[in-house]
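Just below is one structure, and these are the notes that go with it.
Numbering (this note's numbering), first residue to last: 69 to 131.
Shown next, in the form of structure tokens:
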């Protein structure tokens, strides 16, 4: 789960490759591959686009 601004933190993940996916009703669900190394944090930016791009003004996810 994320906060109101969509931010989240996952701590103590072992180094490796991960798939991060964002899910919100009315939006496409992008998936991004992320590599976490021992020496660094990994920052991820997922942009949610409205499903079907119908032109509706969808700015909130209230799932």
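A virtual CB, placed ideally from N, CA and C, is assigned to each residue, including glycine.
For residue 85, the beta-bridge partners assigned by DSSP are 103.
Around residue 119, the same chain offers 94, 95, 96 as residues with beta carbons nearer than 7 Å, after the five sequence neighbours per side are excluded.
Apart from the 5 residues on each side of it in sequence, residue 85 sits with its Cβ closer than 6 Å to the Cβ of 103 in its chain, given in chain order. A straight line joining the alpha-carbon of residue 110 with that of residue 76 spans about 12 Å. A straight-line Cα-Cα distance of about 5 Å links residue 83 and residue 105.
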